[in-house]
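Here this note's numbering is used: the first residue of the sequence shown is 122, the next is one more, and so on.
Ideal placement from N, C-alpha and C gives every residue a C-beta, glycine not left out.
Working notes, structure below.
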Amino acid sequence: MPRLIYLALFSNGPHPAHWSIFIPTLSTGQQGEIIHVTGTTVMGFFLEFKRNYDFAIEDRKYQIIPLADVEERFVTDAVGDGTLSCHTTARDRLESAATVVKPPGPSREPFGKDSRNCQHWMIEYVQRLADEGFLAVCAVDVLVDAPRRF
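Here you go:
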């Protein structure tokens with residue numbers, strides 16, 4: 122059975138918005154997993170999986186945009202008491218695919234318009250998911266049209 126996954130964007134003021142993948146838990150609408158790279162253009166980024174992430178308690182401005190359907194067998198819902206936890210070890214196929222896309226390192230010009238950030242990583246990650254057949258190629262088009270800032 123296919124599951125809809127989303128592009129979650131978080132406002133970062135005048136700076137580029139933070140992009141992540143949101144995979145809702147089957148039993149909830151606003152709680153699930155975030156797959157993203159976190160960091161800065163000064164220090165570089167690292168891959169992180171946030172499990173039991175809950176938009177109901179998010180205080181930042183955000184948008185959730187439908188991205189694509191994936192087969193349920195490629196996704197593992199978090200178990201436990203529902204407490205937010207952050208991990209760097211993959212536990213399902215979508216997370217494993219994320220581990221082979223290198224996060225951006227420190228930029229020589231961290232405040233320059235060409236410095237690589239989470240948006241660049243997300244485009245590469247979604248392209249890899251499409252290339253490996255986890256989701257439709259049209260998901261890349263969603264990223265092309267997504268707001269860079271808001």
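Within the region 152 to 195, no run of alpha helix (DSSP H) at least 4 residues long lies entirely inside it. Between I155 and R172, the alpha-carbon positions lie close to 7 Å from each other. Distance between N238 and T161, taken at the CA atoms: about 7 Å.
With contacts defined as CB atoms closer than 7 Å, P187 and L256 fail to qualify as a contacting pair. Around the beta-carbon of F143, 16 or more other beta-carbon atoms lie within 10 Å, marking it buried. If you draw a 10 Å sphere on the C-beta of A177, you find fewer than 16 other C-beta atoms in it, and that means exposed.
For Q151, the closest C-alpha among the options I185, F170 and L215 is that of I185.
Residue range P123 to F131 is occupied by the beta strand (DSSP E) that includes L128.
In this structure, DSSP gives S217 a helical state, which the three-state scheme calls helix. Of R270, K223, T220 and D213, the smallest CA-CA separation from E192 is found for D213. In the structure shown, H136 falls within a coil segment according to DSSP collapsed to helix, strand and coil. Across the structure, G134 and R270 are spaced so that their CA atoms are roughly 8 Å apart.
Secondary-structure assignment with DSSP links S206 through a beta bridge to R172.
Take the alpha-carbon of A189 and the one of S141: they are about 14 Å apart.
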